[in-house]
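Here is the structure we will look at, set down as structure tokens.
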Amino acid sequence: MAVDELDTRILRLLLEQPRTSVREYARLLGVARGTLQARLDRLERDGVITGTAPSLSPAALGHPVLAFVHIEVTQGHLDEVGEALAAVPEIVEAFSITGGGDLLTRVVARDNAHLEDVVQKLISLPGVVRTRSEVALRERVPHRLLPLVESIGRTARK
């Protein structure tokens with residue numbers, strides 16, 4: 001889907017001021033409220049905007065340890081293992097990957113002992129052959145999309 005300059009301005013506002021009203025966004029952008037709402041609806045329908053939930057901090061929720069756990073799966077069992085991972089609350093993301101392993105998960109834990117318990121739970125899942133864990137020491141670049149949106153906006157202007 002093509003994202004034009006107005007779309008990128010809308011997305012930038014959504015990222016920078018997520019708790020602002022549609023009316024205020026329209027005022028800030030200098031467009032009619034109906035125009036803005038139509039754009040928002042299209043961006044949601046096209047899958048550009050995927051949610052409006054607040055960002056939560058696992059660390060502030062008592063889970064300051066972050067690890068990336070690679071999981072190797074028995075051939076033909078990827079779907080079953082993926083479904084089982086969804087039942088583990090400490091797994092906040094899981095992806096099928098290429099390279100060393102079949103799945104990459106982002107796991108949060110209360111402490112290292114809790115992380116070990118989670119990894120042991122993963123190892124015990126039917127279809128899991130082995131895991132490899134990497135503990136994150138410090139976040140260097142937080143999850144962000146604004147630089148990407150701005151880059152797309154610059155391209156849309158050309």
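If you're matching positions, the sequence shown starts at 1 in UniProt numbering and goes up one per residue. The C-beta atom is built at its ideal place from N, Cα and C for all residues, glycine as well.
Where residue i falls, given that 16 or more other Cβ within 10 Å makes a residue buried
i           : result
residue 119 : buried
residue 20  : exposed
residue 105 : buried
residue 143 : exposed
residue 155 : exposed
Residue i versus residue j: straight-line alpha-carbon distance, rounded
i           : j           : result
residue 108 : residue 134 : 12 Å
residue 27  : residue 50  : 24 Å
residue 136 : residue 34  : 45 Å
residue 10  : residue 80  : 39 Å
residue 123 : residue 3   : 43 Å
residue 82  : residue 121 : 14 Å
residue 14  : residue 129 : 42 Å
Residues bridged to residue i (per DSSP)
i          : result
residue 45 : Paired residues: none, contrary to the question.
residue 70 : 104 and 132
residue 81 : For residue 81, which the question treats as bridged, DSSP gives no partner whatsoever.
residue 86 : Bridge partners of residue 86: none, in fact.
residue 94 : 105
residue 22 : Partner(s): none; residue 22 has no beta bridge.
Own chain residues within Cβ distance below 8 Å of residue i, not counting five before or after
i           : result
residue 32  : 26
residue 157 : 5
residue 8   : 149, 150, 152, 153 and 156
Neighbourhood of residue i by C-beta distance below 7 Å, restricted to the same chain and skipping five residues each side
i          : result
residue 96 : 78, 102 and 103
Close beta carbons around residue i, own chain, < 6 Å, minus the five adjacent residues each side
i          : result
residue 70 : 101, 104 and 132
Q.
With a threshold of 8 Å, are at least 3 pairs of Cβ atoms found where one atom belongs to the stretch 32-48 and the other to the stretch 87-98?
A. no
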